[in-house]
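Scroll down for the structure; my scribbles are underneath it.
In UniProt numbering, the protein residues as written are 1 to 304.
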């Protein structure tokens with residue numbers, strides 16, 4: 001994730017901001033609706049991680065086996081491949097059958113919808129996309145609409161119309177990147193309230209160069225978090241602890257589901273950070289999430 005990435009981190013305040021005042025109300029309503037078994041899904045943006053061969057993946061596996069082995073290390077994925085094309089039915093079935101029933105895919109909406117058309121005249125494409133990913137069945141977690149930095153508050157009516165028409169059988173998270181969504185309190189609270197009213201999840205993005213997108217406003221009982229790390233430096237681990245504490249508090253207050261996606265420039269750092277984060281989260285919540293582990297590799301036999 002290059003959005004908001006900085007080369008100089010000396011002046012970045014990585015502390016998590018306090019919750020938006022409306023977050024507590026969203027969680028209180030979710031808690032009042034009755035108890036649920038919370039779910040935590042953690043993953044990366046891709047599964048074709050060749051650097052994991054011989055460690056987190058068996059050495060020498062075929063490309064077609066990468067997803068199978070990825071799903072034994074993480075229980076979710078930010079599915080970016082759908083941003084570039086809508087998959088056909090055989091591809092979706094292949095993905096579905098490669099992973100356990102407990103695994104969740106979070107497919108990103110095609111850029112032809114979000115970036116090229118900017119939601120304008122995109123109903124047919126959206127229907128095609130939603131029908132396609134619905135083939136994931138129970139392994140479909142939440143679709144993910146990433147709007148470009150050019151899509152600002154002047155397009156709020158278009159966004160509202162699009163979300164009103166979005167197929168209700170596909171859960172949806174929305175990421176707003178234009179700075180103007182956050183600079184004006186009236187605009188900010190209007191779009192937040194609209195997403196809450198429509199039952200759409202607002203994405204939280206923890207990235208160095210755009211702390212405004214870390215607004216800590218939950219609009220549904222689901223938290224969809226995108227974390228941008230910096231090579232396992234000290235602040236990465238401090239942020240892991242802070243996120244574990246914040247999520248533990250949200251779960252106690254009524255949060256139902258967490259999707260947490262890890263972006264590191266070096267993909268070898270993602271499993272290590274995830275291990276630390278999951279350990280902290282387990283200590284605070286008692287919830288079991290299997291951490292990624294280096295797996296034993298076959299050893300060539302010897303006569304002596």
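Every residue, glycine too, gets a C-beta built ideally from N, C-alpha and C.
- DSSP-derived helix/strand/coil call for residue 104: strand
- Query: If we ignore side chains and look at the alpha-carbon of each, how far apart do residue 276 and residue 11 end up?
  - Reply: A straight-line Cα-Cα distance of about 25 Å links residue 276 and residue 11.
- Using the beta-carbon count (16 or more within 10 Å), is residue 108 buried or exposed? buried
- Query: Does the distance from the C-beta atom of residue 15 to that of residue 208 stay below 9 Å?
  - Reply: Contact: no.
- Entirely enclosed alpha helix (DSSP H) segments - the region 66-99, minimum 4 residues: 66-70 and 89-98
- Message: Please tell me whether residue 41 has its Cβ less than 9 Å away from any Cβ of chain D.
- Response: Annotation note: the requested chain D is absent from the structure, which comprises a single protein chain.
- residue 166 beta carbon less than 9 Å from that of residue 141: no
- Task: Using three-state DSSP, classify residue 210 as helix, strand or coil.
- Result: Residue state, collapsed to three classes: coil.
- Query: In terms of residue numbering, what span does the alpha helix (DSSP H) encompassing residue 193 cover?
  - Reply: Segment 185-198, the alpha helix (DSSP H) holding residue 193.
- Would you identify the three-state DSSP class for residue 23, choosing helix, strand or coil? helix
- Query: Along the chain, where does the alpha helix (DSSP H) that runs through residue 11 open and close?
  - Reply: Taken as a continuous stretch (DSSP letters only), residue 11 belongs to no alpha helix (DSSP H), as it is neither H nor E.
- Item | When 22, 19, 21 and 26 are compared against residue 255, the one with the closest alpha-carbon | The shortest Cα separation from residue 255 among 22, 19, 21 and 26 belongs to 26.
- Item | Endpoints, beta strand (DSSP E) assigned at residue 263 | 257-263
- Around the C-beta of residue 304, are 16 or more other C-beta atoms found within 10 angstroms, so that it is buried, or is it exposed? Low per-residue confidence applies at residue 304: pLDDT is 47, beneath 50, and the placement is therefore not dependable, though the value from the model is reported in the following sentence. Exposed, because fewer than 16 other Cβ atoms sit within 10 Å of the Cβ of residue 304.
- Query: Who are the Cβ neighbours of residue 302 in its own chain at under 6 Å, not counting the five residues just before and after it?
  - Reply: Caution applies to residue 302, whose pLDDT of 49 falls short of 50 and renders its modelled position unreliable; the model cannot decide the point.
- Task: State the start and end residues of the unbroken alpha helix (DSSP H) segment that holds residue 249.
- Result: 234-253
- When you compare only the Cα positions, how much space is there between residue 40 and residue 223? 10 Å
- What does a CB cutoff of less than 7 Å around residue 125 pick up in its chain, not counting 5 residues either side in sequence? 110, 112 and 113
- Buried or exposed: residue 297, going by 16 or more other Cβ atoms within 10 Å of its Cβ? With fewer than 16 other Cβ atoms inside 10 Å of its own Cβ, residue 297 counts as exposed.
- Task: Following the continuous beta strand (DSSP E) through residue 40, name the residue where it begins and the one where it ends.
- Result: 39-44
- Rounded separation between residue 179 and residue 206 - CA only: 15 Å
- Task: Output yes or no for whether 9 Å exceeds the beta carbon distance between residue 145 and residue 174.
- Result: yes
- Query: Helix or strand or just coil, what does DSSP make of residue 284?
  - Reply: Reduced to three states, the DSSP call for residue 284 is helix.
- Query: Does DSSP classify residue 224 as helix, strand or coil?
  - Reply: In the structure shown, residue 224 adopts extended strand secondary structure according to DSSP, grouped into three states.
- Message: If you follow the alpha helix (DSSP H) that residue 125 is in, where does it begin and where does it stop?
- Response: Counted as a single uninterrupted DSSP element, the alpha helix (DSSP H) harbouring residue 125 occupies residues 123-133.
- Query: Given that a residue counts as buried once 16 or more other Cβ atoms are within 10 Å of its Cβ, and exposed if not, what is residue 270?
  - Reply: buried
- Do residue 143 and residue 100 have their C-beta atoms closer together than 9 Å? No. Outside cutoff.
- residue 173 - partner residues in DSSP beta bridges: 144 and 201
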